[in-house]
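If you read the sequence shown in the working numbering, its first letter stands for residue 7, the second for the next number, and so on. The beta carbon of each residue, even a glycine, is placed where N, CA and C say it ideally should be. Read through the structure below, which is laid out as structure tokens, and then see the notes.
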Amino acid sequence: VELENKTVVVQVEMNGKLKINQEDTTWDGLGPRMETIFKERAEKIAFVKGDNDVLFMDVARAIDIMRGAGIDKIGLITAKLEAGQ
7 VELENKTVVV
17 QVEMNGKLKI
27 NQEDTTWDGL
37 GPRMETIFKE
47 RAEKIAFVKG
57 DNDVLFMDVA
67 RAIDIMRGAG
77 IDKIGLITAK
87 LEAGQ
């Protein structure tokens, strides 16, 4: 699935695994993959979603990597936001 034109959501899972829009990635692969996805985009906006019991440290690490890859705006998706509350 090409992500180049879709909203990008990085999911941090409880087991420390990462996904970009359901596509598995690694901590080392996150930055380069984000750079590739956003290379041609004018708006560098992405979202981070952490599983309920994920460590905030892991979410913060993902945000740091995304910022390092040139993402200007990073939003957080919470369980309540996802449920429309």
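Residue span of the beta strand (DSSP E) that contains residue i, given as start and end
{"i": "A52", "result": "I51 to G56"}
{"i": "L24", "result": "L24 to I26"}
{"i": "V16", "result": "V15 to V18"}
{"i": "K12", "result": "No beta strand (DSSP E) holds K12; DSSP gives it neither H nor E."}
Rounded separation between residue i and residue j - CA only
{"i": "I26", "j": "V14", "result": "7 Å"}
{"i": "D34", "j": "R67", "result": "11 Å"}
{"i": "K55", "j": "V65", "result": "8 Å"}
{"i": "F62", "j": "E46", "result": "30 Å"}
{"i": "I83", "j": "G90", "result": "11 Å"}
Local Cβ density within 10 Å of residue i, reported as buried at 16 or more and exposed below that
{"i": "I51", "result": "exposed"}
{"i": "L24", "result": "buried"}
{"i": "Q17", "result": "buried"}
Below-8 Å beta-carbon distance, residue i vs any chain D residue
{"i": "G37", "result": "Chain labels in this structure do not include chain D; a single protein chain is all it has."}
Proximal residues to residue i (C-beta, below 7 Å), its chain only, five neighbours per side dropped
{"i": "G22", "result": "D64"}
Limits of the alpha helix (DSSP H) - the one that residue i falls within
{"i": "D30", "result": "That residue, D30, is in no alpha helix (DSSP H); its beta strand (DSSP E) goes E29 to T31."}
{"i": "I69", "result": "F62 to G74"}
Sequence-distant residues of the same chain with beta carbon closer than 6 Å to residue i, five excluded per side
{"i": "F44", "result": "K50"}
{"i": "I71", "result": "L36 and G37"}
8 Å CB neighbourhood of residue i in its chain, flanking five on each side removed
{"i": "D57", "result": "Q17, V18, E19 and M20"}
{"i": "G74", "result": "G37"}
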